[in-house]
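The numbers in my numbering rise by one with no breaks, and the one at position 123 of the sequence shown is 179. Backbone N, C-alpha and C fix where the C-beta goes; we use that ideal spot for every residue, glycine too. Have a look at the structure below, then the notes.
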Amino acid sequence: MSAPTPEKRAAIDQKLGELIQAIESHELWVPPTPNQTLYHVWDFLNRSKYMLSEFDNIEAGRALTHPNQFRPAPGNLGTGAVAAKKVYDDVVGRNMMAQMMITDTTGKTAMLTGSSGPPVDFGADAKEKVRALNSI
């Protein structure tokens, strides 16, 4: 598969931002202590958005702003088009995982995020946004 176009990366970035906003608009998102499940999924999505933002730096071999946000570590990741494509593919996989977590009705997402109590319904807006994200 070829490298993602700048337009495709921009579309994914926009959809990630819209999904993050949908989570921040959820009734259980009450700072400074939002619902634990919402918080962990929000953090997961923000990390994906950040990883995607570093695509050009990885491709060009430039330093990353927050290298500790990557696994494997950037030193093991390498640089260039192949390394940037790996990060992009990781973001796409993370987006699929986000959809599984947001649409979960079994309580597995709550268990994964260390939440006790009933599963969180992320709401129609977040579910719509995550489906739109994964349709790109």
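Annotated as distal: L120 and L101, with beta-carbon spacing of 8 Å or more.
Closest option to T61, judged by alpha-carbon separation, among N190, F111, N151, A188: F111. Here T93 is buried. Its C-beta has 16 or more other C-beta atoms within 10 Å. Contact annotation, P175 with T165: C-beta distance approximately 7 Å; criterion of less than 8 Å satisfied. The residue from R103, D145, M156 with its alpha-carbon nearest to that of A182 is M156.
Every alpha helix (DSSP H) of 4 residues or more that sits fully in the region 100–141 is shown, in chain order, as 111–116, 130–133. For E63, the uninterrupted alpha helix (DSSP H) run begins and ends at 62–80, by DSSP. In this structure, the CA atom of R187 is about 15 Å from the CA atom of D177. Closest by C-alpha distance to R150, out of S81, A116, M107, Q77, is M107. Taking a contact as a CB-CB distance under 8 Å, the pair I79 and W85 counts as one, their CB atoms being some 6 Å apart.
Looking at the backbone, the Cα of D146 and that of G170 are separated by about 24 Å.
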